[in-house]
Amino acid sequence: MVHRVLFWTGFGVAVRFWQLGLEMRPFFNKGSLWAYPVFAGCGASFGYWLQGVDERQTAVLEERKQMILAKRARKAAREAEAEAL
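The following block contains the structure:
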């Protein structure tokens, strides 16, 4: 989980660098240093949200996988019973 949050934090800071580069403004101006933590925080919150989405989707997929495996087991049991008769 931490790696995803750290990645998106770095991405937020990179976006700030890119923004200042496009505007051709200095990267470390005293008046605009407050924006780096804001961009990093937005990126980190997005990474945290994305981690939750990933966990929920993984849980749904695991549940569906178990349902399919149970269905296959029931079908195999029915076929084995039919062959025995």
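Residue numbers (the working numbering): 96 to 180. Ideal placement from N, C-alpha and C gives every residue a C-beta, glycine not left out.
>> So, with DSSP's three-state summary, where would you put L180?
In response: Position 85 of the sequence shown, counted from the first residue, corresponds to residue 180. Reduced to three states, the DSSP call for L180 is coil.
> Can you tell which of E174, W144, V108, M119 has the C-alpha that lies nearest to the C-alpha of L190?
Replying inline: Given a span of 96 to 180 for the chain in the structure shown, any question on residue 190 remains unanswerable.
> Is it right to say W144 is buried, meaning 16 or more other beta carbons lie within 10 angstroms of its own, or is it exposed?
Replying inline: By one-based count along the sequence shown, residue 144 stands at place 49. When all chains shown are included, W144 counts as exposed.
> Does the separation of the CB atoms of T104 and G142 fall below 8 Å?
Replying inline: Residue mapping note: residue 104 aligns to position 9 of the sequence shown, counting from 1. Residue mapping note: residue 142 aligns to position 47 of the sequence shown, counting from 1. Cβ distance < 8 Å, so T104 and G142 count as in contact.
> Which residues mark the beginning and the end of the alpha helix (DSSP H) in which F106 is found?
Replying inline: In the sequence shown, the residue the question calls residue 106 occupies position 11. F106 -> alpha helix (DSSP H) spans 97–118.
> Closest to L115 by CA distance: which of L101, A130, F102 is it?
Replying inline: By 1-based counting over the sequence shown, the position of residue 115 is 20. Per the Cα distances, A130.
> G126: buried (16+ other C-beta within 10 angstroms of its C-beta) or exposed?
Replying inline: Numbered from 1 along the sequence shown, position 31 holds the residue referred to as residue 126. It counts as exposed.
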